[in-house]
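Worksheet for the structure shown next.
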Amino acid sequence: MTLSEIAGAVGGTVRDADPALLVTGPACYDSREIEPGGLFVAFPGERVDGHDFAATAMAGGAAAVLAARPVGVPAVVVDDVQAAFGRLAAAVIERAPALTVIGVTGSVGKTTTKDLLGQVLSRLGPTVAPPGNRNNEIGIPTNVSLVVPDTRFLVCEFGARHVGDVAYLARLTRPRVGVVTTVGESHLSEFGSLANTTTAKGELVEALPAAGHAVLNADDPRVAGMAARSAAPVTFYGTGPAATVRAEDIVVDEHGRASFRMGTPAGSAHVRLRPGIGPRVHRHYRPASART
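Per the numbering used here, residue 55 is the first one in the sequence shown, and the count goes up by one each step.
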């Protein structure tokens with residue numbers, strides 16, 4: 055995108071640069087990790103102010119800076135950097151009509167599910183599913199900036215500490231498929247109750263279009279109940295009879311490698327995972343969600 059296009063998308067103004075200057079790399083908020091042609095996002099802070107590192111980012115190869123004030127180098131200046139970064143992510147999604155976004159949320163299991171989905175989908179086409187758990191209002195726009203014109207799938211992990219967080223992230227990324235793992239006591243101090251946690255995680259399901267697809271854990275009653283909030287078709291996964299896609303005969307060997315039989319309406323297959331994933335998968339049945 056050109057600086058002019060970025061400014062138009064985020065409601066900013068181009069400073070100290072030709073508006074036709076092209077940003078060709080991903081966005082980054084750490085000046086030490088900027089890639090050539092990338093956009094440095096200068097978040098203000100009480101202890102560390104990203105604006106102080108704008109020149110360092112430019113020396114490292116950045117094409118321009120997203121900033122709250124002029125910084126003496128090519129920049130798009132906005133009133134609110136975080137809000138503008140979110141609007142930029144939404145613009146990137148809007149410019150990629152062939153892209154399918156898969157959102158993953160839940161109290162536990164989000165990162166492993168995202169990683170498994172990334173492995174599966176990468177066999178079907180170019181996929182963005184970065185390692186780690188950048189799952190908030192800063193991390194998700196950072197991941198979205200990795201999308202290029204030929205990207206076919208983007209897998210987003212949606213974290214939340216308050217009701218409304220997932221809804222906001224879904225508005226930015228417009229997921230077509232939503233996977234919910236579990237509802238548990240993680241961050242209960244922030245949510246206040248399991249009912250609020252359920253409301254928050256279900257915001258992903260509510261955001262899906264009618265032509266999308268919800269993938270819900272049939273073994274967790276709170277997650278299974280989210281089907282009533284979905285305008286999209288629902289597939290249930292798990293280990294019990296209510297699951298359309300089931301993991302059966304689960305075994306974890308002495309090396310931590312899980313194996314099981316995956317049962318689906320189209321047939322069944324034996325699945326073996328690499329060492330280390332097994333114990334986590336055994337607890338939360340995440341391969342079944344990847345299979346759907």
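Every residue, glycine too, gets a C-beta built ideally from N, C-alpha and C. What you are looking at is a predicted structure, and each value in this text was computed from that prediction instead of being measured.
Closest by C-alpha distance to residue 265, when choosing among 77, 147, 229 and 164: On the sequence shown, position 211 is the one that residue 265 refers to. Selected option, being the one with the closest Cα: 229.
Residue 55 (DSSP reduced to helix, strand or coil): Your numbering for residue 55 matches position 1 in the sequence shown. It is coil, neither helix nor strand.
Whole runs of the alpha helix (DSSP H) within the stretch 78-147, excluding any shorter than 4 residues: 108-113
Contact set for residue 339: own chain, Cβ-Cβ below 8 angstroms, skip 5 residues either direction: Indexing the sequence shown from 1 puts residue 339 at position 285. A caution first: residue 339 carries a pLDDT of 48, below 50, which makes its placement in the model unreliable, though a value can still be read off. Taken in chain order, the residues that qualify are 271, 273, 291, 292, 293 and 301.
For residue 155 and residue 129, the rounded distance between their alpha carbons: To locate residue 129, count along the sequence shown from 1; it is residue 75. To locate residue 155, count along the sequence shown from 1; it is residue 101. Distance between the alpha carbons of residue 129 and residue 155 is about 29 angstroms.
The alpha helix (DSSP H) enclosing residue 157, as first and last residue numbers: On the sequence shown, position 103 is the one that residue 157 refers to. Taken as a continuous stretch (DSSP letters only), residue 157 belongs to no alpha helix (DSSP H), being part of the beta strand (DSSP E) at 154-159.
Pick from 157, 298, 125 and 153 that is closest to residue 70, judged by C-alpha positions: Locating residue 70 in the sequence shown gives position 16, where the first residue counts as 1. It is 125.
Residue 341 in three-state terms, based on DSSP: Working through the sequence shown from its first residue, we reach residue 341 at position 287. At residue 341 the pLDDT is 47, less than 50, meaning the model places this residue with poor confidence; the figure from the coordinates comes in the next sentence. Residue state, collapsed to three classes: helix.
Neighbourhood of residue 144 by C-beta distance below 7 angstroms, restricted to the same chain and skipping five residues each side: Your numbering for residue 144 matches position 90 in the sequence shown. Result list for residue 144: 226, in chain order.
Unbroken alpha helix (DSSP H) run spanning residue 167, endpoints: In the sequence shown, the residue the question calls residue 167 occupies position 113. Taken as a continuous stretch (DSSP letters only), the alpha helix (DSSP H) holding residue 167 covers 164-175.
Residue 314, DSSP secondary structure in three states: As a position in the sequence shown, residue 314 is number 260, starting the count at 1. It is a strand residue.
Nearest to residue 133 (by Cα), restricted to the options 207, 141 and 121: By 1-based counting over the sequence shown, the position of residue 133 is 79. With distances taken between Cα atoms, residue 133 lies closest to 121.
Opposing strand residues paired with residue 268 [DSSP bridges]: Along the sequence shown, read from residue 1 onward, the residue named residue 268 stands at position 214. Bridge partners of residue 268: 232 and 288.
Residues near residue 204 in its chain [Cβ-Cβ closer than 7 angstroms; skip 5 each side]: Within the sequence shown, the letter at position 150 stands for residue 204. Once the five neighbours on either side are set aside, the close Cβ partners of residue 204 are 180.
Backbone CA spacing between residue 210 and residue 194 [nearest angstrom]: Position 156 of the sequence shown, counted from the start, is the residue given in the question as residue 210. Position 140 of the sequence shown, counted from the start, is the residue given in the question as residue 194. In a straight line, the C-alpha of residue 210 is about 7 angstroms away from that of residue 194.
Within 8 angstroms, strictly: CB atoms of residue 260 and residue 283: On the sequence shown, residue 260 is found 206 positions in, with the first residue counted as 1. On the sequence shown, residue 283 is found 229 positions in, with the first residue counted as 1. Yes, the pair counts as a contact, with Cβ atoms nearer than the cut-off.
Nonlocal neighbours in the same chain, by C-beta distance under 6 angstroms from residue 60, ignoring five residues either side: Along the sequence shown, one-based indexing puts residue 60 at 6. Answer for residue 60: 130, listed in chain order.
Residue 67 in three-state terms, based on DSSP: For the purposes of this step, residue 67 is taken as the residue at position 13 of the sequence shown. Looking at residue 67 - three-state DSSP - the assignment turns out to be strand.
Three CB pairs or more closer than 8 angstroms across the stretch 108-121 and the stretch 86-94: yes
Test item: CB-CB of residue 189 and residue 217 under 8 angstroms: In the sequence shown, counting from the first residue as 1, residue 189 sits at position 135. In the sequence shown, counting from the first residue as 1, residue 217 sits at position 163. Taking 8 angstroms as the Cβ cut-off, residue 189 and residue 217 do not qualify as a contacting pair.
Integer-rounded CB distance, given that residue 58 should sit under 8 angstroms from residue 74: Stepping through the sequence shown from its first residue, residue 74 is reached at position 20. Stepping through the sequence shown from its first residue, residue 58 is reached at position 4. With a Cβ gap of about 7 angstroms, residue 74 and residue 58 count as contacting.
Helix, strand or coil at residue 199 according to DSSP, with G and I counted as helix: Here residue 199 is taken as the residue at index 145 of the sequence shown, counted from 1. Coil.
Straight-line gap, residue 208 to residue 112 (C-alpha atoms, nearest Å): Start at 1 with the first residue of the sequence shown, and residue 208 comes out as number 154. Start at 1 with the first residue of the sequence shown, and residue 112 comes out as number 58. In a straight line, the C-alpha of residue 208 is about 28 angstroms away from that of residue 112.
Cβ-Cβ separation, residue 162 to residue 78 (assumed contact under 8 angstroms), whole Å: Residue mapping note: residue 78 aligns to position 24 of the sequence shown, counting from 1. Residue mapping note: residue 162 aligns to position 108 of the sequence shown, counting from 1. In fact, because the Cβ distance is near 37 angstroms, the residues do not count as touching under 8 angstroms.
Environment of residue 72 [buried if 16+ CB atoms lie within 10 Å]: In the sequence shown, residue 72 corresponds to position 18, counting from 1. Exposed: under 16 other Cβ atoms inside 10 Å.
Straight-line gap, residue 55 to residue 84 (C-alpha atoms, nearest Å): Within the sequence shown, residue 55 is the residue found at index 1, counting from 1. Within the sequence shown, residue 84 is the residue found at index 30, counting from 1. C-alpha separation (whole angstroms): 20 angstroms.
Among 168, 232, 123 and 304, the one whose alpha carbon lies nearest that of residue 277: Reading the sequence shown from its first residue, position 223 is the one you call residue 277. When each option's Cα is compared against that of residue 277, the closest is 232.
Where residue 224 falls: helix, strand or coil (DSSP): Position 170 of the sequence shown, counting from 1, holds the residue named residue 224. Helix.
For residue 200, the nearest candidate out of 295, 150 and 170 (CA to CA): In the sequence shown, counting from the first residue as 1, residue 200 sits at position 146. Among 295, 150 and 170, the Cα nearest to that of residue 200 is on 150.
Where the alpha helix (DSSP H) through residue 237 begins and ends: To locate residue 237, count along the sequence shown from 1; it is residue 183. Taken as a continuous stretch (DSSP letters only), residue 237 belongs to no alpha helix (DSSP H), as it is neither H nor E.
Same chain, Cβ closer than 6 angstroms to residue 252, five either side skipped, listed in chain order: In the sequence shown, residue 252 corresponds to position 198, counting from 1. Counting only Cβ-Cβ distances below 6 angstroms, and skipping sequence neighbours, we find 237 and 276.
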